[in-house]
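Novice: Residue numbers (full-length UniProt numbering): 1 to 331.
#1: Nearest chain D C-beta to residue 202 closer than 9 angstroms, yes or no?
#2: Give the straight-line distance between the Cα atoms of residue 20 and residue 235, rounded to the nearest whole angstrom.
#3: Quick one, which of 36, 271, 240 and 252 has its alpha-carbon nearest residue 223's?
#4: Tell me whether residue 12 is buried or exposed, calling it buried when 16 or more other Cβ atoms sit within 10 Å of its Cβ.
#5: Are the CB atoms of residue 76 and residue 338 within a distance shorter than 9 angstroms?
#6: Does DSSP put residue 177 in a helix, in a strand, or in coil?
#7: Thinking just about the alpha-carbon of each residue, which of 138, 109 and 145 is nearest to the one in residue 124?
#8: Can you give me the start and stop residues for the beta strand (DSSP E) that residue 205 sits inside?
#9: By the 10 Å Cβ neighbour count, where 16 or more other Cβ atoms means buried, how is residue 204 classified, buried or exposed?
#10: Can you tell me which of 229, 254 and 58 puts its alpha carbon nearest to the alpha carbon of residue 32?
#11: Can you say whether residue 68 is buried or exposed, counting buried as having 16 or more other CB atoms within 10 angstroms of its CB?
#12: Are the region 156 to 171 and the region 132 to 144 touching by the rule of at least three beta carbon pairs closer than 8 angstroms?
#13: Measure the alpha-carbon distance for residue 41 versus residue 5 and round it to whole angstroms.
#14: Assuming residue 222 is part of the beta strand (DSSP E), what are its boundary residues?
#15: Could you say which of 318, 320 and 296 lies nearest to residue 50 if we only look at CA atoms?
#16: Tell me whether residue 58 is buried or exposed, calling it buried when 16 or more other Cβ atoms sit within 10 Å of its Cβ.
#17: Using three-state DSSP, classify residue 73 as helix, strand or coil.
#18: Do the CB positions of residue 216 and residue 226 come within less than 9 angstroms of each other?
#19: Nearest to residue 209 by alpha carbon, out of 156, 116, 159 and 243?
#20: Kindly give me the distance between the Cβ atoms of residue 139 and residue 95, rounded to whole angstroms, as I take these residues to be in contact under 8 angstroms.
#21: Please classify residue 22 as buried or exposed, where buried requires at least 16 other C-beta atoms within 10 Å of its C-beta.
#22: Could you name the residues that DSSP lists as bridge partners for residue 142?
#23: Taking the C-alpha atoms as reference points, what is the distance between residue 99 and residue 214?
#24: How many Å lie between residue 238 and residue 250 at the Cα?
#25: The alpha helix (DSSP H) spanning residue 5 covers which residue range?
#26: Do you know offhand how far residue 194's Cα is from residue 319's?
#27: Using DSSP's beta-bridge definition, name the partner residues of residue 231.
#28: On the DSSP letters alone, give me the boundaries of the beta strand (DSSP E) that residue 200 sits inside.
#29: Please report the distance separating the alpha-carbon of residue 299 from that of residue 316.
#30: When we look at the beta-carbon of residue 248 and count the other beta-carbons within 10 Å, is it buried (16 or more) or exposed?
#31: So for residue 169, helix, strand or coil by DSSP?
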């Protein structure tokens, strides 16, 4: 067995201490013949430090398209020619989406808006929407509304939003190649305020943006430093009309290496399958990832792309004897 896996067996599985950047890079560079061993070790780590339960989440876009930022992967930017146009969702539709999400067995419902940060109108709609959802259905409410002020962080806490998603997207050294209208540091500051508020921090990114393997390791190490409660792992699904619309998708084995590496970097974190896994991994690779460190999934469709049917994921979890995490009032 490669030395890095022996080290990880002692350090990560045994002691619960994640790999550093050099160790993460070593896992990302493992030859194909050692990938099954890496995935098995990552699964063992997940089972020891997180347990067998899988957290299931649904997401819905409260405000779609027309975003002023230039995130080069995103079809919701108003600066590109991609065919997504600005749409607002009304409160009854938001509640219905939450009910449908809860009906799948999901315990988490995330409200997302394509904005730089929320304005007064969006915060008002969030307050009304969260209250209506909590009155109608028993589900945890999370939010993803871009960069926040301290006052907005406090308002979300007061509404009862228990988890906030704000992805760093990629490592600090590569970020300027992906976004130019705001900085990596601005995103980090929002995450710091969210963490200090007591809300759970959900922060991940997208692999396949053109970053090197070394930068992929840098990204995992920076996420580990942040110590988020949850890391959504996306794989680029190139969108027509965006600057990254012609990029190739991540190779399946590279995606699985990344899943193992991120788990070995963050043994106690919820590591969530997010966008792009369908085209990157397919059904077989999806199974391999669930047996290689993943312990959460987004079910159904994403914000601007189609996902697997929720029933397909739930049937797979049942087949793998992975219990869906029950709703917990203590989260």
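Don't be surprised by glycine CBs; every beta carbon is placed ideally from N, CA and C. This structure is a prediction, so every number in the text was calculated from the model and none was measured.
Specialist: By the coordinates alone:
#1: You won't find chain D in this structure, because it holds only one protein chain.
#2: 22 angstroms
#3: For residue 223, the closest alpha carbon among the candidates 36, 271, 240 and 252 is that of 271.
#4: buried
#5: Since the first and last residues shown for the chain are 1 and 331, residue 338 lies out of range.
#6: helix
#7: By alpha-carbon distance to residue 124, the top candidate from 138, 109 and 145 is 145.
#8: 205 to 207
#9: buried
#10: The candidate whose alpha carbon is nearest that of residue 32 is 254.
#11: exposed
#12: yes
#13: 8 angstroms
#14: Segment 213 to 226 is the alpha helix (DSSP H) holding residue 222; no beta strand (DSSP E) there.
#15: 296
#16: Around the beta carbon of residue 58, 16 or more other beta carbons lie within 10 angstroms, which makes this residue buried.
#17: coil
#18: no
#19: 243
#20: That pair is no contact at about 11 angstroms.
#21: exposed
#22: 110 and 163
#23: Distance between the alpha carbons of residue 99 and residue 214: 42 angstroms.
#24: 10 angstroms
#25: Unbroken alpha helix (DSSP H) run through residue 5: 3 to 8.
#26: The straight-line gap from Cα to Cα measures roughly 37 angstroms.
#27: 271
#28: 200 to 202
#29: Taking the Cα positions, residue 299 is about 12 angstroms away from residue 316.
#30: exposed
#31: It is a strand residue.
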